[in-house]
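For the sequence shown, the UniProt record's numbering begins at 1 and goes up steadily by one.
Scroll down for the structure; my scribbles are underneath it.
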Amino acid sequence: MANHRSALKRHKQSLIRRDRNRAVKTRVKNALKTVYSAVENGDKGQAEEALKQASSVLDRAATKRVIHWRNASRHISRLTKKVNALG
Numbered sequence: 001m002a003n004h005r006s007a008l009k010r011h012k013q014s015l016i017r018r019d020r021n022r023a024v025k026t027r028v029k030n031a032l033k034t035v036y037s038a039v040e041n042g043d044k045g046q047a048e049e050a051l052k053q054a055s056s057v058l059d060r061a062a063t064k065r066v067i068h069w070r071n072a073s074r075h076i077s078r079l080t081k082k083v084n085a086l087g
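Given below as structure tokens:
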């Protein structure tokens, strides 16, 4: 554990950020799962709606720098290809 006041503050901030980043990553994983399950079931309408929400979640995670922006872009691209292949 840290001894200096500034180091204590940094430690406290890192714990808060870790919790926030975990929440964002969980939200991303759940959004991806929703799209993949809709694609697996062959439900195009549900898949398009889930894709819309997932791309929003991915973009938000990239904006907060929880994931890299290219990673988010790659996920959105691949999901869009899968959803478009349904129609």
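All C-beta atoms in this analysis are idealised placements derived from N, C-alpha and C, irrespective of residue type, glycine included.
Give the straight-line distance between the Cα atoms of residue i and residue j, rounded to the nearest whole angstrom.
i	j	result
K82	A61	21 Å
H4	I16	19 Å
K12	N30	28 Å
V39	A47	6 Å
L32	R20	19 Å
K9	A2	9 Å
H68	K44	28 Å
For the putative contact between residue i and residue j, defined by C-beta atoms under 8 Å, what is the C-beta separation to the nearest angstrom?
i	j	result
V35	A23	Contact flag wrong, Cβ pair sits at about 19 Å.
Out of the options, point me to the one whose CA is closest to residue i's CA.
i	options	result
A85	V66, K9, S56, G42	G42
A72	E48, Q46, V39, V28	V28
S56	I76, G45, R70, A2	I76
A64	M1, K25, K9, R10	It is Lys, not Ala, that sits at residue 64 in the sequence shown. The candidate whose alpha carbon is nearest that of K64 is K25.
Buried or exposed, going by whether 16 or more other CB atoms sit within 10 Å of the CB of residue i?
i	result
A7	exposed
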